[in-house]
Each structure stands twice: as C-alpha cells, then as structure tokens.
Amino acid sequence: MVSAKCFEGLIREFKGRTPGSMRVAERAKRVLPGGETRSITYYSPYPVSITSASGPVITDCDGNSYLDILNNYTSLVHGHAFGPVVDTAIAAASEGIVYPAPHEAQLDLAEHLVERHPAAEKIRFTNSGTEAALLAIRIAQAVTGRDRFVLFEGGYHGSAPLISGPHPQVIRVPFNDAAAVEGALDDSIAAVLFEPCLGVGGVIPADPEFVRALRSHSHRAGALLVVDEVQTLRAAYGGATELYEVDADLVIMAKLIGGGYPIGAVGGSAKHLRILDQSTPGAIKHSGTFNGHLVSARAGLTALEHLTRPAIERMNASTEKLADRIEMSGRAHGLPVIVTRFGSMLHVHLQKMKPTQAAHVMHDSTDVAALHLALLLEGVFAAPRGLVALSTVLTDVHLELVATGYDRAFARMAGA
Ligand SMILES: Cc1ncc(COP(=O)(O)O)c(C=O)c1O
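Using this note's numbering, the first residue of the sequence shown is number 251, and each one after it goes up by one.
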C-alpha cells in the first residue's frame with residue numbers, strides 16, 4: 251500500500267524533527283541492548299525520547315508534543331500526572347515508600363477490588379501482570395494437581411517462558427474456537443488462560459457464545475478458567491468478567507490498578523486462594539520484596555475510585571466514535587482500514603478482513619510502521635502496532651484533533 255518513496259519520506263521527516271531523540275538512542279545503545287529496556291517500546295529508526303507528560307499530552311526531548319492515546323499501554327487510565335494520584339503517591343512516599351510488613355493501604359485496595367470484581371473474593375498482590383499470570387498458574391497446578399495449560403494463539407499474559415513462547419506444558423489453540431478448546435482439554439490440563447479480548451493480539455473481542463462454551467468445557471474437564479483482565483478491566487466497572495457474566499475461577503489484574511505504578515494481582519474464590527495461606531498445609535510460598543507496595547497500593551486505589559461507571563461509559567462512547575471516524579477516514583483515502591474495539595481500547599488494522607483470530611492480523615508490515623510514523627508527525631502517540639487506549643482526560647476537543655491526525659496520516663500514506 252505505502253510506496254518505498256513515501257516510507258523513506260516519513261523516516262526523513264521524523265529524523266529531521268527528532269535529532270535529540272536520535273542522540274538519546276545512540277547513547278542508550280551503549281548501555282542497553284538495542285537501546286531499550288522494554289521490547290515493545292522500540293521501533294525503527296528509534297523511539298522518541300520523552301521528557302515530560304501531563305494529562306493527555308506528552309513532550310519529547312526536541313520539544314515536540316503529542317496527544318497520548320496509548321496511555322502506557324492502558325495503564326494510565328486518567329492520563330499523565332493525574333492530580334489525585336500524584337497527591338496520594340507523594341503522601342505515600344513521604345510516609346515511608348515501602349514497608350517490610352502488612353499495611354492498611356494494601357487492604358484498602360484489596361477491599362476495593364473484591365467489591366469491584368465479580369471473580370475476586372480474595373486478592374494476592376504481585377509486581378506485574380507477568381508475575382500475576384505465573385502465580386495464577388502455580389495456584390491452578392496446586393489446586394488441580396495437574397501441570398498443563400491451554401492458552402490462545404495471539405494471547406499475551408506477560409514475558410516469561412511458560413506464557414510467552416512455545417512450551418511443552420502449553421497447548422495453544424485459536425481464539426474464538428470453542429471446538430479447539432474442547433479438543434485440547436483432558437485430565438492433564440490445570441487451567442485455561444484467557445483474555446476476554448486479545449489485547450496485544452490486535453484487540454479482538456471474544457464472542458459471547460465462545461466464552462460460554464469455554465466456561466462449560468473447562469468446568470467439565472476439571473480445569474480452572476483464569477480470566478486475564480490486565481487490559482480489559484477498564485472496559486466495565488467489574489471488568490470483562492462482568493460484561494460476559496462469566497464465572498471465572500481466577501482473575502489476573504495489573505496495569506491500571508496501580509494508578510501508573512508497578513503492580514499485579516490475582517483474585518479468586520477463598521477456596522482457591524486458601525493455598526496461599528501460610529497456615530494451610532502445603533501452602534504455596536509466594537514472596538516479593540515489593541508485593542503490595544505502599545505507593546502502588548495508594549495510587550492504584552485513587553485511580554480506581556476515579557474510574558466510576560459513568561467515567562467508563564464516557565470513555566467507551568468516545569472510543570466508539572473515534573473508531574468510526576478512523577475507519578471512515580481511512581476508507582475515504584482509499585485505504586483498507588478495519589478498526590476493532592473493546593471498551594476504551596481499539597486497534598487500527600490496515601487490512602480488508604475483520605480479524606476474529608490472531609492469525610488474521612497482519613502485524614509488522616511497512617504499512618503499520620508508516621501509519622505509526624505518520625501519526626507521530628501529526629502529533630498523535632499510538633502504539634507502533636496499532637493499539638489505542640483512551641484516558642478519562644481526553645476531551646471531545648482532543649479527540650477531534652486525534653481524528654484529524656489520523657485523517658492527515660492516511661492522506662500522507664495515500665500519497666495525497
Ligand atoms: C493481557 C495482559 N496480561 C498480562 C500482561 C503482562 O503484564 P506486565 O507487563 O505488567 O507484566 C499484559 C501486558 O501487556 C497484558 O496485556
């Protein structure tokens with residue numbers, strides 16, 4: 251779709267606007283492999299280096315500003331430096347930063363999550379979604395006495411061997427394919443790990459029929475159903491679990507529940523989480539220097555308290571409007587554009603076919619890279635692969651600018 255000449259032009263313009271970021275990238279390469287410390291934030295020719303961010307605006311070291319519609323991959327649900335979160339985080343830091351003992355801020359956050367999430371009767375904190383997924387796996391192994399797992403093609407639960415690559419204990423099946431799940435389940439499977447919407451995989455929502463079948467097949471096979479709400483919690487007050495009315499055995503949470511600070515959590519029934527209670531014979535030992543961190547707990551609770559049902563409804567409605575605008579303007583420029591959406595997340599696919607499985611998504615194409623660069627040049631900060639996650643501080647005026655930014659980016663790609 252995008253000509254080599256157009257792509258080279260975008261790179262040239264990007265480099266012309268970001269000489270400071272180029273210098274930072276060169277310096278980074280001397281001490282960080284490839285110049286980064288988070289694979290997903292890298293893109294070619296080099297990522298912009300950010301120096302400050304406030305509300306919906308981030309500014310790079312060359313003074314370029316961007317409307318942030320990625321919000322640290324869904325975790326900053328109220329945008330950057332959200333006043334109430336900053337105030338609580340500063341207060342928590344001045345009260346000691348982190349304690350080597352339990353504290354009530356952990357309980358306040360745990361109580362909020364228990365009240366909020368249908369699958370969480372008890373909570374165990376970790377430091378990331380990856381750690382929460384690995385803990386859920388250990389719980390499922392201990393509860394069922396089994397040691398294999400069903401995961402989905404294109405599913406993402408973090409950066410660790412068992413959950414990220416091919417692994418002898420893991421069977422991967424296509425998303426939205428109930429028959430494939432049924433075929434993979436036997437008495438060796440401890441759990442099915444499932445995102446109600448493939449996030450990294452391209453914002454592909456689960457079909458409600460598929461979710462119902464998933465529940466009944468895993469139940470029948472004696473496997474736990476682990477719902478990964480790391481990204482989907484923002485879609486409804488009680489997360490996607492509430493939307494789909496699915497009866498989950500365990501839930502994995504992270505990202506926004508820390509208000510922008512590192513955190514993860516596993517929620518589940520008292521029956522399943524008993525295995526973490528040190529007075530239970532054979533209990534799982536699960537420690538972490540920063541589990542239940544004071545600053546994360548306080549900041550997370552503040553962020554969640556501001557993420558009310560009306561705030562979620564507003565963000566979801568804005569995302570729906572933006573998705574329609576992007577799709578319409580892509581088509582007006584004669585480009586194949588499909589936008590998939592779930593709550594306040596969307597993914598812009600530069601292809602004709604609407605994806606319902608990860609295999610349908612065309613990642614890593616020059617077109618996808620060109621759209622990302624063109625958006626940066628238009629002052630819009632989305633994920634290189636096409637993900638967008640709105641925040642509560644993006645107003646209609648900001649979103650109009652974002653829609654115009656997409657339109658102008660598509661015009662560049664169409665060679666207009
Ligand atoms: C659905 C899902 N689960 C788990 C994770 C891992 O979370 P973390 O990056 O906090 O380890 C992610 C991260 O993107 C995710 O999107």
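Beta carbons: idealized from backbone N, C-alpha and C, even for Gly.
Please read these numbers as outputs of a predicted model, since none were measured by experiment.
Proximity test, residue i beta-carbon vs ligand 1 heavy atom, cut-off 7 Å
i, result
"Q481", "yes"
"S289", "no"
"T380", "yes"
"D478", "yes"
"H330", "no"
"A485", "no"
"Y669", "Given that the chain is displayed from residue 251 to residue 666, the structure contains no residue 669 and the question cannot be resolved."
"H407", "yes"
"G636", "no"
"I580", "Just to set this straight, residue 580 is Gly in the shown sequence, not Ile. Incorrect: G580 has no Cβ contact closer than 7 Å to ligand 1."
"G488", "no"
"G415", "no"
"A504", "yes"
"A278", "no"
"A383", "yes"
"G449", "yes"
"G550", "no"
"G514", "yes"
Nearest-angstrom Cα separation, counted from residue j out to residue i
i, j, result
"A254", "A582", "22 Å"
"D436", "V442", "11 Å"
"P295", "E495", "44 Å"
"L572", "L637", "13 Å"
"L544", "A355", "6 Å"
"S537", "L526", "10 Å"
"G514", "T482", "14 Å"
"N566", "P560", "10 Å"
"V400", "A608", "16 Å"
"I534", "T590", "40 Å"
"S532", "T301", "It should be pointed out that residue 532 corresponds to Gly in this sequence rather than to Ser. Taking the straight line from one Cα to the other gives about 49 Å."
"M503", "R422", "22 Å"
"H417", "S289", "21 Å"
"G584", "Y292", "29 Å"
"E365", "V652", "35 Å"
"S378", "D358", "19 Å"
"M595", "G449", "8 Å"
"D574", "D617", "20 Å"
Simplified DSSP state of residue i, which is helix, strand or coil
i, result
"G508", "helix"
"M503", "strand"
"T558", "coil"
"I439", "strand"
"L326", "coil"
"C256", "helix"
"V202", "Absent from the structure is residue 202, since the part of the chain shown begins at 251 and ends at 666."
"P334", "helix"
"Y349", "coil"
"Y487", "coil"
"M694", "Nothing about residue 694 can be reported from this structure: the residues present for the chain run from 251 to 666 only."
"S299", "coil"
"L412", "helix"
"T319", "Sequence inspection shows Ile at residue 319; the Thr mentioned does not correspond to that position. In this structure, I319 counts as coil in the three-state DSSP scheme."
"Y633", "Per the sequence shown, residue 633 should be read as Ala rather than Tyr. It is coil, neither helix nor strand."
Same chain, Cβ closer than 7 Å to residue i, five either side skipped, listed in chain order
i, result
"A624", "L260, A659, R662 and M663"
"Q601", "P586, I588 and M612"
"L464", "A428, V431, V442, F444 and L475"
"A520", "E371 and K372"
"S409", "T380"
"G580", "V587 and F660"
"T530", "R524"
CB-CB length for residue i against residue j, believed under 8 Å
i, j, result
"G452", "V611", "4 Å"
"T606", "I454", "6 Å"
"Q329", "P306", "Position check: residue 329 holds Gly in this sequence, whereas Gln was assumed. That pair is a contact at about 5 Å."
"I576", "Y656", "5 Å"
"A632", "C256", "Not confirmed; about 19 Å, so no contact."
"L640", "T552", "That pair is no contact at about 19 Å."
"R374", "L554", "Not a contact, Cβ separation roughly 17 Å."
"H648", "L320", "Going by Cβ atoms, the distance from H648 to L320 rounds to 14 Å, so no, they are not a contact pair."
"S546", "G508", "4 Å"
Own chain, CB closer than 6 Å to residue i, minus 5 neighbours either side, in chain order
i, result
"S468", "V442 and L475"
"T491", "P368, A369, V477 and A498"
"T338", "R548, A549 and T552"
"F264", "L623"
"A360", "I373"
"R470", "none"
heavy atom of ligand 3 below 7 Å from residue i C-beta
i, result
"E445", "With respect to ligand 3, the structure shown offers nothing to examine, as its ligands consist of ligand 1."
Own chain, CB closer than 8 Å to residue i, minus 5 neighbours either side, in chain order
i, result
"R267", "D312, N314 and L627"
"A331", "A303, S304 and G305"
"D397", "Q391, Q419, S438 and A440"
"T642", "V327, H328, G329, H556, L557, A561, R564 and M565"
"A271", "Sequence check: residue 271 is Ser here, not Ala. Cβ neighbours of S271 beyond the five flanking positions: Y296, P297, V298, S299, D310, C311 and D312."
"D362", "One detail in the question is off: residue 362 reads as His in this sequence, not Asp. Only L551, L554 and E555 meet the Cβ criterion."
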